[in-house]
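This report concerns only the one structure given below.
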Amino acid sequence: MALQGKEREAFEKKLEAYVGIEIGIEEATKGPIDPSTIRQWCEALGDELPIYTDPAAAADSIHGAIVAPPTMLQALILPGMEMAVGEDDPRNKQRELHRLFDAEGMTGVVATNCEQGFSRYLKLGDELQAVTTIESISEQKATALGIGYFINTRTVFQDQNGEEVAWMIFRVLKFEAAEQPQAAPSDSTGAPAKPTRIRPTMGHDNQFWWEGIERGELLIQKCGSCGELRHPPRPMCPSCQSKEWESIVSSGQGTVYSHVTIHYPEVPGYDYPASVAVVDLEEGTRFVSNVVGCEPDEVHVGMKVQVSIEEMDPDFKMALFRPAK
Ligand SMILES: [Zn+2]
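Residue numbering for the sequence shown follows the numbering used here, beginning at 1243 and increasing consecutively.
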């Protein structure tokens, strides 16, 4: 329900008190920026630019020595596991502001924008301190997610000499979720109908693949120039940059490369616990889907599986895996 009239005026008056104030929580790197942290970041993200990890290459660059990837900025000050504890810190004005929204039913929060600016590259040995200010709060907005307010914060990063080296504007929407349509009762017992699976976003690049599933075929995209197979479907070959492509029908035979069992959070339309596996198809590409037809704890690395294209709802099929016979 949107806040209206006097109630809304009173609420927005309370919000005004927070605009322009610092959130009251110090954020800082825990010690100087070091090469192993940078290396782990680069490995995790697959960033192979040598100025981040190769001292000789960095020495030859305009930087003269190793620098940190700018994208590490926020991660450098995030407090890790302490974050959840810091949420309840009574000095935390940002949390206090969020609680005002919670009290009005706007319990949802979603990050919508992040902008960053840099005065210089961060170097080994730099230590950062960051101060965050609540910069602005929007008017009440009706969004696709529900009714709420956008909150902008600005974080200024200073180095060990007190010089500003970077800034970040972060925007979240605090909102009350729009009402979901009630599922119609499925039968005379009055129990609600089982939710259906989330539908894929269908576009120019993946429509052929879902049409294959409808026909009962698991397709793999094949480069029209060099012949390399790829999945998921995309417009360009990662090896030769050709935009020509065709597709082959997979045998559906594969081997579990890796797997997890998901207990939580429960997304409507799935049965839990759900086994999810990365499968090496015999053609050489990998495919991620649920393994059904056995208990989740029976799924193991190296297990032989077979694709099974099954009807999830009356008008929707998906490729699942079952233990190979
Ligand atoms: Zn190619």
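The beta carbon of each residue, even a glycine, is placed where N, CA and C say it ideally should be.
query                                                                                                                                                                  : result
Any heavy atom of ligand 1 within a distance shorter than 7 Å of the CB on serine 1484?                                                                                : yes
Span of the alpha helix (DSSP H) holding glycine 1358?                                                                                                                 : Note on identity: in this sequence residue 1358 is glutamine, with glycine being the wrong assignment. First-last for glutamine 1358: 1350-1360, but that is the beta strand (DSSP E), not the alpha helix (DSSP H).
Using C-beta distances below 7 Å, list every residue in its chain close to alanine 1301, excluding the 5 sequence neighbours before and after it, in chain order.      : Ala1307
Less than 7 Å between the CB of glutamate 1377 and some heavy atom of ligand 1, yes or no?                                                                             : no
Using a threshold of 7 Å, is the CB atom of serine 1467 nearer than that to any non-hydrogen atom of ligand 1?                                                         : yes
So that I know if they touch, is there some Cβ in chain C lying closer than 8 Å to that of glutamate 1456?                                                             : Absence of chain C from the displayed structure is noted, only one protein chain being present.
Measure the CB-CB distance between aspartate 1447 and proline 1477 and report whether it falls below 8 Å.                                                              : yes
Contact check, threonine 1374 vs threonine 1397 under 8 Å by CB: the rounded distance?                                                                                 : 4 Å
Can you have a look at tyrosine 1506 and say buried or exposed, based on whether 16 or more other CB atoms are within 10 angstroms of its CB?                          : exposed
Who are the near neighbours of alanine 1203 in its chain, counting only those whose CB is closer than 6 Å to its CB and skipping five residues on each side?           : This structure does not reach residue 1203, given that the chain is present from 1243 up to 1567, and the question cannot be answered.
Rank Thr1438, Pro1515, His1542, Glu1290 by C-alpha distance to the C-alpha of tyrosine 1499 and give the top, closest one.                                             : His1542
Could you tell me if the beta carbon of glutamate 1406 falls within a distance shorter than 7 Å of some heavy atom in ligand 1?                                        : no
So, are the CB atoms of leucine 1460 and glycine 1469 less than 8 Å apart?                                                                                             : no
For the alpha helix (DSSP H) that contains leucine 1387, what are its first and last residues?                                                                         : That residue, leucine 1387, is in no alpha helix (DSSP H); it is neither H nor E in DSSP.
Report the residue from Gly1347, Thr1395, Leu1387 whose alpha carbon sits nearest the alpha carbon of serine 1378.                                                     : Thr1395
Can you tell me which residues form a DSSP beta bridge with cysteine 1465?                                                                                             : Trp1487
Mind checking whether alanine 1298 and glycine 1359 have CB atoms under 8 Å apart?                                                                                     : no
Do you know how far the Cα of threonine 1271 is from the Cα of valine 1352?                                                                                            : 25 Å
Any idea which residues DSSP pairs glycine 1445 with across the strands?                                                                                               : Bridge partners of glycine 1445: none, in fact.
Classify glutamate 1418 as buried or exposed, calling it buried when 16 or more other Cβ atoms lie within 10 Å of its own Cβ.                                          : buried
Specify, as a first and last residue, the run of the alpha helix (DSSP H) that proline 1297 falls within.                                                              : 1297-1302
Could you have a look at alanine 1435 and say whether DSSP puts it in helix, strand or coil?                                                                           : coil
With distances taken between CB atoms, is the gap from valine 1533 to serine 1517 smaller than 8 Å?                                                                    : yes
Secondary structure at lysine 1546, three-state DSSP: helix, strand or coil?                                                                                           : strand
Can you tell me whether threonine 1295 is buried or exposed, with buried defined as 16 or more other CB within 10 angstroms of its CB?                                 : buried
Any idea which residues DSSP pairs isoleucine 1379 with across the strands?                                                                                            : Ile1393
One question on the structure: do glycine 1388 and alanine 1420 come within less than 8 Å of each other, judged by their Cβ atoms?                                     : yes
Please find out if some non-hydrogen atom of ligand 1 comes closer than 7 Å to the beta-carbon of serine 1489.                                                         : no
Here's a check: name, in chain order, each residue in its chain whose Cβ is nearer than 6 Å to the Cβ of alanine 1310, leaving out the five neighbours to either side. : Ile1275, Ile1280, Leu1364
Say yes only if the C-beta of cysteine 1479 is nearer than 7 Å to one or more non-hydrogen atoms of ligand 1, and no if none qualify.                                  : yes
Are the Cβ atoms of lysine 1464 and serine 1484 separated by less than 8 Å?                                                                                            : no
Quick one: using the 10 Å Cβ neighbour count with 16 as the cut-off for buried, is isoleucine 1569 buried or exposed?                                                  : Absent from the model: residue 1569. The displayed extent of the chain is 1243 to 1567, so no value can be given.
Applying the 10 Å Cβ sphere with the 16-neighbour rule, what's the burial state of isoleucine 1293?                                                                    : buried
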